[in-house]
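A.B. asks: This note's numbering applies: residue 1 is where the sequence shown begins, and numbers increase by one.
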Amino acid sequence: MEYTQLGRTGLKVSRLSLGTMNFGPQTEEKDAFAMMDKALDLGINFFDTANVYGWKTGEGVTEQIVGRWFAQGGGRREKVVIATKVYGHMGDWPNQERLSALHIRQAVEGSLKRMQTNH
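#1: State buried or exposed for L11, treating a residue as buried only when at least 16 other CB atoms are found within 10 Å of its CB.
#2: Grab the span of the alpha helix (DSSP H) containing F23 for me, first residue to last.
#3: Give the straight-line distance between the Cα atoms of K38 and I104, rounded to the nearest whole angstrom.
#4: Does the structure place the region 48–62 close enough to the region 80–99 that three or more beta carbon pairs sit under 8 Å?
#5: Between the Cα of K85 and the Cα atoms of D48, L6, R8, which residue gives the shortest distance?
#6: Output the distance between the C-alpha atoms of G110 and Q116, rounded to the nearest integer angstrom.
#7: Please tell me whether T62 and F33 are closer than 8 Å, where the distance is taken between their beta carbons.
#8: Taking 8 Å as the cut-off, decide whether the C-beta atoms of E97 and I65 are in contact.
#9: Assuming L16 and V81 are in contact, meaning their beta carbons sit under 8 Å apart, how far apart are those beta carbons, in whole angstroms?
#10: Given a threshold of 16 other Cβ atoms within 10 Å of its Cβ, counted over all protein chains shown, does L42 qualify as buried or as exposed?
What follows is the structure in structure tokens.
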């Protein structure tokens, strides 16, 4: 696997990223777990997700699946760099979408909780 620097973060990420958009609505959890395990086996350490993936407003279904996969242990969380998104519509109130400081803070806290990680 080829790796590259992620901006100025000092992190090295695989040039291939595992997209998780269909985890939940199109891909059963057991199959999603198998895909993430295979990605790690192949050296893919960069996973892309979003708080709106799973297509149930406010639930973050896909992030929850990723979180349950991390919770299995085995160094999964320590090996993976996560890219998630914040802009999407997470509720019916005006500050539950887009890029207000309030929504960014709530989105970060929510994503971390759903993915069962603190970083």
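Heads up, the beta-carbon is just placed ideally off N, CA and C, and yes, glycines get one too.
Note that this is a predicted model, so its numbers are computed, not measured.
C.D. replies: Looking at the coordinates:
#1: Numbered from its first residue, the sequence shown carries residue 11 at position 11. L11 should be labelled exposed.
#2: If you number the sequence shown from 1, residue 23 lands on position 23. Run containing F23: none; DSSP gives neither H nor E here.
#3: Translated into positions along the sequence shown, residue 38 becomes position 38. Translated into positions along the sequence shown, residue 104 becomes position 104. Roughly 32 Å separates the two Cα atoms.
#4: yes
#5: For the purposes of this step, residue 85 is taken as residue 85 along the sequence shown, with counting starting at 1. With distances taken between Cα atoms, K85 lies closest to D48.
#6: In the sequence shown, the residue the question calls residue 110 occupies position 110. In the sequence shown, the residue the question calls residue 116 occupies position 116. Taking the straight line joining both Cα atoms gives about 10 Å.
#7: For the purposes of this step, residue 62 is taken as the residue at position 62 of the sequence shown. For the purposes of this step, residue 33 is taken as the residue at position 33 of the sequence shown. No. Outside cutoff.
#8: In the sequence shown, the residue the question calls residue 97 occupies position 97. In the sequence shown, the residue the question calls residue 65 occupies position 65. Result no, Cβ atoms of E97 and I65 do not sit closer than 8 Å.
#9: Residue numbering aside, residue 16 sits at position 16 when the sequence shown is read from its first letter. Residue numbering aside, residue 81 sits at position 81 when the sequence shown is read from its first letter. Their Cβ separation, rounded to whole angstroms, is 12 Å, which puts L16 and V81 out of contact at 8 Å.
#10: Sequence index remark: in the sequence shown, residue 42 carries index 42 (1-based). L42 comes out exposed.
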